[in-house]
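A.B. asks:
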Amino acid sequence: MQLYLEITVRYIHFISVFTIVGTLAAEWVLLKKEMLPQEIARIGKIDALYGLSAITLLAAGLTLWFWIGKPADFYSQNWIFWIKIGLFSTIGILSIYPTVFFIKNGRKTLPNTPIPIPPLVRQLVLIELLLLLLIPICASLMAKGVGYTP
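In this text, residue positions in the sequence shown follow my numbering: the first is 6, and each later residue adds one.
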């Protein structure tokens with residue numbers, strides 16, 4: 006039973022990662038210099054799925070760290086793991102400004118009035134994507150035991 010639980014949590018963890026990558030890539034592709042409120046609202050829905058996936062990823066990750074699978078020390082005593090945590094946290098912090106922008110501007114009542122997208126929104130989404138690329142490298146290194154110092 007424990008094995009099935011671990012496999013299920015790992016699966017949820019992987020699906021969350023894929024969803025985060027997909028939603029963030031979709032945001033990047035859909036963002037333009039000017040957008041109508043309904044277009045921004047659509048990106049806002051994608052961003053909400055992105056946020057939900059991040060929360061699910063965090064919950065699955067904490068479950069794997071403290072309760073299922075490898076001992077907690079495997080993660081806690083690995084400096085690469087802490088880089089992963091730092092990257093994940095940084096990406097989360099960087100996502101705040103675009104999320105607030107999407108929420109505020111997706112609710113505008115003049116549906117045919119284009120809204121300029123601040124360059125910072127697009128830049129932050131790109132930085133999030135680039136930082137996201139580093140996390141699988143860290144995960145691959147950790148899987149081989151690199152960075153673990155008992």
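Virtual Cβ for every residue (Gly too), placed ideally from N, Cα, C. The structure presented is a predicted model; accordingly, all values stated were derived computationally and were not measured.
Could you check whether the region 72-79 touches the region 16-25, counting it as contact only if at least three pairs of C-beta atoms, one from each stretch, sit closer than 8 Å?
C.D. replies: Contact between the region 72-79 and the region 16-25 is absent, because fewer than three Cβ pairs lie under 8 Å.
A.B. asks: Could you round the C-beta distance between LEU137 and ILE88 to whole angstroms and report it? I think they count as a contact, below 8 Å.
C.D. replies: The residue labelled residue 137 in the question sits at position 132 within the sequence shown. The residue labelled residue 88 in the question sits at position 83 within the sequence shown. Their Cβ separation, rounded to whole angstroms, is 13 Å, which puts LEU137 and ILE88 out of contact at 8 Å.
A.B. asks: Name the two residues that bound the continuous alpha helix (DSSP H) containing ILE88.
C.D. replies: Stepping through the sequence shown from its first residue, residue 88 is reached at position 83. Looking at the DSSP string, the run of the alpha helix (DSSP H) that includes ILE88 is 84-99.
A.B. asks: Excluding the 5 residues preceding and the 5 following ASN110 in the sequence, name in chain order all residues of the same chain whose CB lies nearer than 6 Å to its CB.
C.D. replies: On the sequence shown, residue 110 is found 105 positions in, with the first residue counted as 1. Correct list, in chain order: ILE45 and ILE120.
A.B. asks: Looking only at its chain, what residues have a beta carbon closer than 6 Å to the beta carbon of THR61, apart from the 5 residues adjacent to it on each side?
C.D. replies: Looking up residue 61 in the sequence shown gives position 56. Correct list, in chain order: SER21.
A.B. asks: Please list the terminal residues of the continuous alpha helix (DSSP H) segment that includes TRP33.
C.D. replies: The sequence position of residue 33 within the sequence shown is 28, counting from 1. It spans 7-35 - the alpha helix (DSSP H) in which TRP33 sits, taken as one unbroken run.
A.B. asks: How would you call LEU29, buried or exposed, if buried means at least 16 neighbouring beta carbons within 10 angstroms?
C.D. replies: Locating residue 29 in the sequence shown gives position 24, counting from the first residue. LEU29 is buried by the Cβ-count criterion.
A.B. asks: Counting C-beta neighbours from all protein chains within 10 Å, is the total for MET40 16 or more, i.e. buried, or is it exposed?
C.D. replies: Taking the sequence shown and counting its residues from 1, one reaches residue 40 at position 35. Flag for MET40 reads buried.
A.B. asks: Distance, Cα to Cα, THR114 vs PRO42?
C.D. replies: In the sequence shown, counting from the first residue as 1, residue 114 sits at position 109. In the sequence shown, counting from the first residue as 1, residue 42 sits at position 37. Whole-angstrom Cα-Cα distance: 8 Å.
A.B. asks: Who are the Cβ neighbours of THR104 in its own chain at under 6 Å, not counting the five residues just before and after it?
C.D. replies: The residue labelled residue 104 in the question sits at position 99 within the sequence shown. Cβ within range, chain order: ASP52.
A.B. asks: Compute the Euclidean distance between the alpha carbons of PHE79 and TYR9, then round it to the nearest angstrom.
C.D. replies: Sequence index remark: in the sequence shown, residue 79 carries index 74 (1-based). Sequence index remark: in the sequence shown, residue 9 carries index 4 (1-based). Between PHE79 and TYR9, the C-alpha separation is close to 21 Å.
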